[in-house]
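Visitor:
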Amino acid sequence: MDIAKLTIAGIQEGLRTRQFSAAELTEEALAFARGENPKTNAYLTFSEERARQSAAAVDEKLSRGETPGALAGVPIAVKDVIVTKGLRTTCGSRMLEHFIPPYDATAVQRLEAAGGVILGKANCDEFAMGSSNENSAYGPVRNPVALDRVPGGSSGGSAAVVAQGTAVVSLGSDTGGSIRQPASFCGVVGVTPTYGRVSRYGLVAFASSLDHIGPFARNVEDAAVLLQTIAGRDPKDATSAFAPVADYRESLGKDVRGLRVGLPKEYFAHLDSESGDQIHKGVELLKRQGCEIVDISLPHTDYAVACYYIICTAEASANLARYDGVRYTKRSAQAKTLQDMYRMTRGEGFGAECKRRIMLGTYVLSSGYYDAYYLKAQKVRSLIARDFQQAFTQVDALVTPVSPFPAFKLGEKLDDPIQMYLSDIYTITGDLAGIPCMSVPCGSTAEGLPVGLQILTRHFDESGMFRLASAFEQAGGFTL
Amino acid sequence: MKITEQEVKYVADLANLQLSAEETSRMAHDLDGILSHIDKLNELDVTGVEPMAQVLYDAGETDTLREDVIEPSLDNQAALANAPLSGAGQFKVPKIIER
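Protein chains in written order, with our numbering: chain D, 3 to 482; chain R, 1357 to 1455.
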């Protein structure tokens, strides 16, 4: 077996036919991940003991003839903003360097209950704030496809491990593109499900009206299986949806003849020409599969970045207020008074991007500015969501680029926050509207840098999204 | 200038965030750039548009409520385990009331 190319189905077959045990697979996966990790810095923490216990439980079930679960023996990485009981969870921040969560996130619980084997925690931008993974307090992640380039962010580690083969699938989180953009930069599949489709219980909060948990995988089927496992109502997250979870596997391998696919013209401005060429090839391929391509307009797209950076920073400034030196491990050693303890702990614990967002969020919510900024942004958010509603009266799905350009060089955009923010221009809108969206590989540039195609569908129509993604994959879209 | 260093200091106070002199001046520069970009929203007339305060909610008003039955929660020790300083089952902080 080639450990770097395993699939969920391949692992299930291997276990069933006794080619390997879950324990053997886990040892090999751990050794490989440890050996490869220095190249990319994608894992922050390994969880050997926990992985061995999960694998042993799978082997025991198999030996008793029981069904071991949909993810039996599958090596998984979890973004370090998702809490794991007894396993250090840093959020890529100095603030939580020694934080050991007292409980598991629901998504983690569900994937372990399905036999999944967590190998470790994946590096990310601090508190999921960033588009390059360069905001991690534990050093940047390098893109496994081109080591002098960023893997994207904020879920850069989760994308890199799947591209590198040091995990079969992984969990990331997406607030403004943090799953799809790194998936596109690293050439893997990344899914942001409908808002509320996956419980956020145990996802360290960044911007609560925008945060999602979602899967990374090397193929559409694995992404669908992982989402299937973690989706569904959770009483511990009041925002999690009641809607029944469809069987996503049923949407795979179907033909897409007659499907109406919209191309929003606003998503082809600002686009780098090589990325644009790839996306057009992808669209041609869908046309050849029988999709009807429809030119449409989402007129408020250009306002999305401004709208997003008001809403997400306002929510972040509230969510990050809890790191005050009282409960979460870090307290400034210099502080003598309570007020100094708050101020100095936060001054020492947060990195530059977190400080910038806390400041912007506090500013837009401060007395006298609320109507001009936050309330206005919420109204613009309605307009952006309405654009999508109207589009989906004409088409079944939308297809766009994921990012205006492929993976950039480490350090290239670090000093210019606005340039960095604008790199999320095509992904932010899906989060603002709360609709499902995903990135699938769509070939690469002449230099070999992956390009990602984004598919967006109606609320809770993950099935439609997977159907199109699967048809695209089977027609050879990934290697166009 | 959309924002002065003086305003940055005021907002940092609201946010309980200590910034060095260097950070304060860099912050004024960065926020100025971001706020200028955000001004783009003023091109839009949002009269009569409802703010999107709720992203998605697919159930009845009381569906997220449960019976008022006591369920196990984190015990005291687990809740305090990450405290930088604790004692006698409490989080400890610097003295705030002088006797």
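We put the CB at the ideal spot given by N, CA and C, even for glycine.
According to DSSP, which residues form a beta bridge with residue 145 of chain D?
Guide: Residue 145 of chain D sits at position 143 when you count from the first residue of the first sequence. BP columns for residue 145 of chain D point to D:148.
Visitor: Run through the region 217 to 303 of chain D for me and flag every whole beta strand (DSSP E) of 3 or more residues, listed as ranges in chain order.
Guide: Taking only runs of at least 3 residues, the beta strand (DSSP E) segments lying wholly in the region 217 to 303 of chain D are 262 to 266 and 294 to 298.
Visitor: Any Cβ of chain C within less than 7 Å of the Cβ of residue 85 of chain D?
Guide: This model lacks chain C altogether, as its protein chains are D and R.
Visitor: Name the chain D residues that come within less than 7 Å of residue 1420 of chain R, Cβ to Cβ?
Guide: Here residue 1420 of chain R corresponds to residue number 64 of the second sequence, with the count starting at 1. Result: 240.
Visitor: Given that residue 1372 of chain R touches chain D, what residues does it touch there, using C-beta distances under 8 Å?
Guide: Your numbering for residue 1372 of chain R matches position 16 in the second sequence. Residues of chain D passing the Cβ test: 323, 326, 341, 344, 345 and 348.
Visitor: Find out if the Cβ-Cβ distance for the pair residue 172 of chain D, residue 205 of chain D is shorter than 7 Å.
Guide: In the first sequence, counting from the first residue as 1, residue 172 of chain D sits at position 170. In the first sequence, counting from the first residue as 1, residue 205 of chain D sits at position 203. No.
Visitor: Report the option in D:401, D:73 and D:124 whose CA atom is closest to the CA atom of residue 85 of chain D.
Guide: As a first step, residue 85 of chain D must be located in the first sequence, where it is residue number 83. Closest by alpha carbon: D:124.
Visitor: Note down the Cα distance separating residue 14 of chain D from residue 133 of chain D, rounded to an integer number of angstroms.
Guide: Start at 1 with the first residue of the first sequence, and residue 14 of chain D comes out as number 12. Start at 1 with the first residue of the first sequence, and residue 133 of chain D comes out as number 131. When rounded, the distance between both Cα atoms is 35 Å.
Visitor: Closer than 8 Å between beta carbons: that is the criterion. Which residues of the region 1427 to 1441 of chain R meet it against chain D?
Guide: Under the 8 Å Cβ criterion, the region 1427 to 1441 of chain R contributes 1430, 1434, 1435, 1437, 1438, 1439, 1440 and 1441.
Visitor: Does the CB of residue 1384 of chain R have a neighbour CB from chain D at under 7 Å?
Guide: For the purposes of this step, residue 1384 of chain R is identified with residue 28 of the second sequence, where counting begins at 1. So, not an interface residue.
Visitor: How about residue 43 of chain D and residue 143 of chain D: do their beta carbons lie closer than 7 Å?
Guide: Within the first sequence, residue 43 of chain D is the residue found at index 41, counting from 1. Within the first sequence, residue 143 of chain D is the residue found at index 141, counting from 1. For residue 43 of chain D and residue 143 of chain D, yes; Cβs fall inside 7 Å.
Visitor: Of the choices D:461, D:131 and D:65, whose alpha-carbon is the least far from that of residue 19 of chain D?
Guide: The sequence position of residue 19 of chain D within the first sequence is 17, counting from 1. Checked all of D:461, D:131 and D:65; the closest Cα to residue 19 of chain D is D:65.
Visitor: Report yes if the CB atom of residue 263 of chain D is closer than 7 Å to the CB atom of residue 427 of chain D, and no otherwise.
Guide: Within the first sequence, numbered from 1, the residue matching residue 263 of chain D stands at position 261. Within the first sequence, numbered from 1, the residue matching residue 427 of chain D stands at position 425. Result no, Cβ atoms of residue 263 of chain D and residue 427 of chain D do not sit closer than 7 Å.
Visitor: Expressed to the nearest angstrom, what Euclidean distance is found between the alpha-carbon atoms of residue 383 of chain D and residue 431 of chain D?
Guide: On the first sequence, residue 383 of chain D is found 381 positions in, with the first residue counted as 1. On the first sequence, residue 431 of chain D is found 429 positions in, with the first residue counted as 1. Approximately 9 Å, taken between the alpha carbons.
Visitor: So residue 404 of chain D and residue 455 of chain D are in contact, right, with Cβ under 8 Å, and what is the actual spacing, rounded?
Guide: Here residue 404 of chain D is taken as the residue at index 402 of the first sequence, counted from 1. Here residue 455 of chain D is taken as the residue at index 453 of the first sequence, counted from 1. Yes, residue 404 of chain D and residue 455 of chain D are in contact; Cβ-Cβ is about 7 Å, under 8 Å.
Visitor: Take residue 250 of chain D and list the residues in its own chain whose beta-carbon comes closer than 7 Å to its own, dropping the five residues that flank it on each side.
Guide: For the purposes of this step, residue 250 of chain D is taken as the residue at position 248 of the first sequence. Only 226, 229, 230, 464, 465 and 468 meet the Cβ criterion.
Visitor: Out of R:1426, R:1360, R:1369 and R:1388, state which residue places its alpha-carbon closest to the alpha-carbon of residue 349 of chain D.
Guide: Residue numbering aside, residue 349 of chain D sits at position 347 when the first sequence is read from its first letter. For the residues R:1426, R:1360, R:1369 and R:1388, the minimum Cα distance to residue 349 of chain D belongs to R:1369.
Visitor: If you scan the region 402 to 476 of chain D from start to end, which runs of the alpha helix (DSSP H) of 4 or more residues do you find wholly inside it?
Guide: Segments of the alpha helix (DSSP H) lying fully in the region 402 to 476 of chain D: 419 to 424, 430 to 435 and 464 to 476.
Visitor: Residue 385 of chain D versus chain R: which residues are under 8 Å apart at the beta carbon?
Guide: Within the first sequence, the letter at position 383 stands for residue 385 of chain D. Chain R residues near residue 385 of chain D: 1400, 1402 and 1405.
Visitor: Taking CB distances under 7 Å as the criterion, tell me whether residue 1452 of chain R reaches chain D.
Guide: On the second sequence, position 96 is the one that residue 1452 of chain R refers to. So yes, residue 1452 of chain R belongs to the interface.
Visitor: Whose CA, out of D:415, D:71, D:113 and D:126, lies closest to the CA of residue 82 of chain D?
Guide: Position 80 of the first sequence, counting from 1, holds the residue named residue 82 of chain D. Comparing Cα positions, the closest option is D:126.
Visitor: Tell me where the alpha helix (DSSP H) around residue 80 of chain D begins and ends.
Guide: As a working mapping, residue 80 of chain D is identified with position 78 in the first sequence. Run containing residue 80 of chain D: none in the alpha helix (DSSP H); it sits in the beta strand (DSSP E), 77 to 81.
Visitor: According to the Cβ coordinates, are residue 472 of chain D and residue 192 of chain D closer than 7 Å?
Guide: Along the first sequence, read from residue 1 onward, the residue named residue 472 of chain D stands at position 470. Along the first sequence, read from residue 1 onward, the residue named residue 192 of chain D stands at position 190. No; because the gap between Cβ atoms is not below 7 Å, this pair is not in contact.
Visitor: Which residue from D:283, D:241 and D:395 puts its Cα closest to that of residue 1409 of chain R?
Guide: Along the second sequence, one-based indexing puts residue 1409 of chain R at 53. Looking at the Cα atoms, D:241 is the closest of the given residues.
Visitor: Using a cut-off of 8 Å between C-beta atoms, extract the partners of residue 1377 of chain R located in chain D.
Guide: Residue 1377 of chain R sits at position 21 when you count from the first residue of the second sequence. Per Cβ cutoff of 8 Å: no residues; residue 1377 of chain R is ~12 Å from chain D at best.
Visitor: Based on the DSSP secondary-structure assignment, which residues constitute the bridge partners of residue 1447 of chain R?
Guide: Numbered from 1 along the second sequence, position 91 holds the residue referred to as residue 1447 of chain R. Partner(s): R:1442.
Visitor: Looking at chain D, is there any beta carbon in it that lies within less than 7 Å of the beta carbon of residue 1445 of chain R?
Guide: On the second sequence, position 89 is the one that residue 1445 of chain R refers to. It does not: the Cβ of residue 1445 of chain R has no partner Cβ on chain D nearer than 7 Å.
Visitor: In angstroms with no decimal places, state the Cα-to-Cα distance between residue 266 of chain D and residue 179 of chain D.
Guide: Residue mapping note: residue 266 of chain D aligns to position 264 of the first sequence, counting from 1. Residue mapping note: residue 179 of chain D aligns to position 177 of the first sequence, counting from 1. About 18 Å.
Visitor: Exposed or buried, which one is residue 409 of chain D when buried takes at least 16 other CB atoms within 10 Å?
Guide: Numbered from 1 along the first sequence, position 407 holds the residue referred to as residue 409 of chain D. Residue 409 of chain D is buried by the Cβ-count criterion.
Visitor: One question on the structure: do residue 436 of chain D and residue 1412 of chain R come within less than 7 Å of each other, judged by their Cβ atoms?
Guide: To locate residue 436 of chain D, count along the first sequence from 1; it is residue 434. To locate residue 1412 of chain R, count along the second sequence from 1; it is residue 56. Against a cut-off of 7 Å, the Cβ pair of residue 1412 of chain R and residue 436 of chain D comes out as a contact.
Visitor: What's the C-alpha gap between residue 277 of chain D and residue 3 of chain D?
Guide: Taking the first sequence and counting its residues from 1, one reaches residue 277 of chain D at position 275. Taking the first sequence and counting its residues from 1, one reaches residue 3 of chain D at position 1. Approximately 34 Å between the Cα atoms of the pair.
Visitor: From residue 1447 of chain R to residue 1436 of chain R, what distance separates their C-alpha atoms?
Guide: Taking the second sequence and counting its residues from 1, the one referred to as residue 1447 of chain R is at position 91. Taking the second sequence and counting its residues from 1, the one referred to as residue 1436 of chain R is at position 80. Going from the Cα of residue 1447 of chain R to the Cα of residue 1436 of chain R covers about 7 Å.
Visitor: Would you mind giving the Cβ-Cβ distance between residue 314 of chain D and residue 185 of chain D, rounded to the nearest angstrom? I have them listed as a contact below 8 Å.
Guide: In the first sequence, the residue the question calls residue 314 of chain D occupies position 312. In the first sequence, the residue the question calls residue 185 of chain D occupies position 183. No, residue 314 of chain D and residue 185 of chain D are not in contact; Cβ-Cβ is about 20 Å, not under 8 Å.
Visitor: In terms of residue numbering, what span does the alpha helix (DSSP H) encompassing residue 320 of chain D cover?
Guide: Residue numbering aside, residue 320 of chain D sits at position 318 when the first sequence is read from its first letter. Looking at the DSSP string, the run of the alpha helix (DSSP H) that includes residue 320 of chain D is 306 to 321.
Visitor: Report back the beta-carbon spacing between residue 1367 of chain R and residue 368 of chain D to the nearest angstrom; my notes put them in contact at under 8 Å.
Guide: Here residue 1367 of chain R is taken as the residue at index 11 of the second sequence, counted from 1. Here residue 368 of chain D is taken as the residue at index 366 of the first sequence, counted from 1. So it is a contact: roughly 6 Å between Cβ atoms.
Visitor: Could you name the residues of chain R that residue 198 of chain D contacts, counting a contact when the two beta carbons are closer than 7 Å?
Guide: Reading the first sequence from its first residue, position 196 is the one you call residue 198 of chain D. Result: 1412.
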